[in-house]
Amino acid sequence: MLPETFYKLGIMGWPLLGCSILATMIILERVAFILTTSFNNGQLLKDISAILWSHKHQPRNLRDEIVTLELGKARAPYDRGLVMLRLIAALAPLCGLLGTILGIIEAFRVIAVTTNPVTPNMIADGLWEALLTTAIGLMIALPAVIVSSFLTAWRNKVLGSTLSSLNAQSINFDLEYFENNNLENIRSPNRVAS
Numbered sequence: 257m258l259p260e261t262f263y264k265l266g267i268m269g270w271p272l273l274g275c276s277i278l279a280t281m282i283i284l285e286r287v288a289f290i291l292t293t294s295f296n297n298g299q300l301l302k303d304i305s306a307i308l309w310s311h312k313h314q315p316r317n318l319r320d321e322i323v324t325l326e327l328g329k330a331r332a333p334y335d336r337g338l339v340m341l342r343l344i345a346a347l348a349p350l351c352g353l354l355g356t357i358l359g360i361i362e363a364f365r366v367i368a369v370t371t372n373p374v375t376p377n378m379i380a381d382g383l384w385e386a387l388l389t390t391a392i393g394l395m396i397a398l399p400a401v402i403v404s405s406f407l408t409a410w411r412n413k414v415l416g417s418t419l420s421s422l423n424a425q426s427i428n429f430d431l432e433y434f435e436n437n438n439l440e441n442i443r444s445p446n447r448v449a450s
């Protein structure tokens, strides 16, 4: 942001600058997370699959709870920064709007105290400065909303495909159990560990 532009933002320049810096830091950190996670593709599935495998002789409802707990733990790194990014996406336009209102108030104050004739240039200059804060607020909010939506969709895709694979593995454990026991107890949902 150029110094003269920053100066024209008035008092709301600092909150907007803070939102901009914080959003940029979160976005860069999340991009780094995506890149490192992409290189470890499948590691999450391998880790939870190993835990599921160690409980393969347990009833399905217990295995489902184990998978749910492990996916819940695994979800935290995927969610890091999303709440703050959404908060910035909501706050930046509001800071910009507040800056616009304060700028318009200041423009009318200047017009009210002037003893010279009011020119369109005076009004336009005041409105330009006032509307600049809204534009900057929206320029901060738009990337935050887009990246937040992308990260949420990406997280849902990764965790959803992992859950599908783990469910298939759990069903295979049940099929294997029933085949080994000649389909006895097929109607019993709570089998005892072998």
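The numbers in the sequence shown follow our numbering, run straight up by one, and end at 450.
Where a beta carbon is used, it is the ideal one built from N, C-alpha and C, also for glycine.
Nonlocal neighbours in the same chain, by C-beta distance under 7 Å from residue i, ignoring five residues either side
| i | result |
| --- | --- |
| leucine 347 | Cys275 |
| alanine 449 | Because the pLDDT at alanine 449 is just 48, under 50, the model does not fix this residue reliably, and the value given afterwards should be weighed accordingly. If we look at alanine 449 and ignore the five residues flanking it on each side, its Cβ neighbours are His313, Gln314. |
| glutamine 425 | Ser305, Leu308 |
Residue nearest to residue i in terms of C-alpha spacing, selected from the options
| i | options | result |
| --- | --- | --- |
| lysine 302 | Leu258, Ile290, Leu291, Val323 | Val323 |
| arginine 411 | Ala330, Pro399, Gln425, Val366 | Ala330 |
| leucine 300 | Glu435, Ala400, Ser420 | Ser420 |
| isoleucine 267 | Ala386, Pro333, Met378 | Ala386 |
| tyrosine 334 | Tyr433, Met395, Glu285 | Glu285 |
Per-residue burial, residue i [other beta carbons within 10 Å of its own, 16 or more giving buried]
| i | result |
| --- | --- |
| leucine 341 | buried |
| valine 414 | buried |
| tyrosine 263 | exposed |
| alanine 397 | buried |
| proline 349 | buried |
| alanine 288 | exposed |
| glycine 298 | exposed |
| glycine 269 | buried |
| alanine 400 | buried |
Supposed contact pair residue j and residue i - C-beta distance, whole angstroms, cut 8 Å
| i | j | result |
| --- | --- | --- |
| isoleucine 344 | leucine 388 | Contact doesn't hold; Cβ gap of about 19 Å is too wide. |
| threonine 390 | glycine 352 | 4 Å |
| glycine 355 | leucine 265 | 6 Å |
| leucine 338 | threonine 418 | So it is not a contact: roughly 18 Å between Cβ atoms. |
| leucine 422 | isoleucine 304 | 6 Å |
| isoleucine 392 | leucine 308 | With a Cβ gap of about 49 Å, isoleucine 392 and leucine 308 do not count as contacting. |
Contacts around residue i, its chain only, beta-carbon distance under 6 Å, and the 5 residues preceding and following it disregarded
| i | result |
| --- | --- |
| isoleucine 283 | Val403 |
| methionine 281 | none |
Test: residue i CB closer than 8 Å to a CB of chain B
| i | result |
| --- | --- |
| threonine 324 | The structure shown contains no chain B, having only a single protein chain. |
- Message: Would you call the region 304-322 in contact with the region 422-437, where contact means no fewer than 3 C-beta pairs closer than 8 Å?
- Response: Three or more beta-carbon pairs drawn from the region 304-322 and the region 422-437 are found closer than 8 Å, and the two stretches are therefore classed as touching.
- Task: Decide yes or no for the touch test of the region 375-386 against the region 356-364: beta carbon pairs closer than 8 Å, at least 3 of them.
- Result: With the cut-off at 8 Å, the region 375-386 and the region 356-364 touch.
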